[in-house]
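At position 170 of the sequence shown the residue is numbered 170 (full-length UniProt numbering), and the sequence of numbers has no breaks.
Ideal placement from N, C-alpha and C gives every residue a C-beta, glycine not left out.
Please read all numbers here as calculations on a predicted model, not as lab measurements.
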Amino acid sequence: MHWACSKLTVSSVVPDATLLEILLDKLKLCRSISYAAVAAHADQTSRRKLAAMLVEHEPFSSKQVPLLLGIGEEDTTLTKATESGDTDLVYLVLFHIWQKRPTLELFGMIQARPIARDLFIRYARCYKHEFLKDFFLSTGQLHDVAYLLWKESWELAKNPMATRGSPLHTPRIKLIEKAQKSFC
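Written as structure tokens, this is what we have:
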């Protein structure tokens, strides 16, 4: 691995594709080599494209995903994480994208990936109802929005202060009316 990192450092004028071929020819002889470690060094030497190409040869998703996130390849990372089937990796990528990208962009990325979408829905159902409502609205799932509104109104009804004529009664009625409009 030391050889590969040294080769990266001294070959600053060699094109990425050419250097990748040179590195792969030598690295394929070493079965225990971590392509992710070499890719991390490529990233540190400002060769992100080469780092992304090298990490593709890393056999372990658990090493690929964090490096790809660091490089800024969120779309590729989400694909790798969902293909791995490791829910922890998928959640790691989802939370990273959630912090770095606009919400609608996140929704667009997960809509085409059933595993990521389902994990997002599961998390948001427990912790982020507003995001879940926004997601369902952005994807046209109005019945799901209506169900969430109805559920919120039901939660308000559990409050002993939400009796008829109290200040909490009106918001509950408004939630039920919104849910009714969404069901229609």
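Local Cβ density within 10 Å of residue i, reported as buried at 16 or more and exposed below that
| i | result |
| --- | --- |
| A41 | For the sequence presented, residue 41 should be read as His rather than Ala. So H41 counts as buried. |
| F136 | buried |
| Y127 | exposed |
| E58 | buried |
| R47 | buried |
| F120 | buried |
| K133 | buried |
| D88 | exposed |
| L29 | exposed |
| V90 | buried |
Nearest-angstrom Cα separation, counted from residue j out to residue i
| i | j | result |
| --- | --- | --- |
| E56 | K49 | 11 Å |
| K100 | I22 | 35 Å |
| L54 | A39 | 5 Å |
| D16 | W98 | 31 Å |
| A124 | E73 | 24 Å |
8 Å Cβ cutoff met for residue i and residue j
| i | j | result |
| --- | --- | --- |
| T77 | A116 | no |
| S61 | D25 | no |
| L148 | H129 | yes |
| D144 | M109 | no |
| Q64 | A37 | no |
| L69 | V93 | yes |
Whole-angstrom C-beta distance between residue j and residue i, which should lie under 8 Å
| i | j | result |
| --- | --- | --- |
| I33 | A51 | Contact doesn't hold; Cβ gap of about 15 Å is too wide. |
| S11 | L19 | 5 Å |
| T139 | Q111 | 6 Å |
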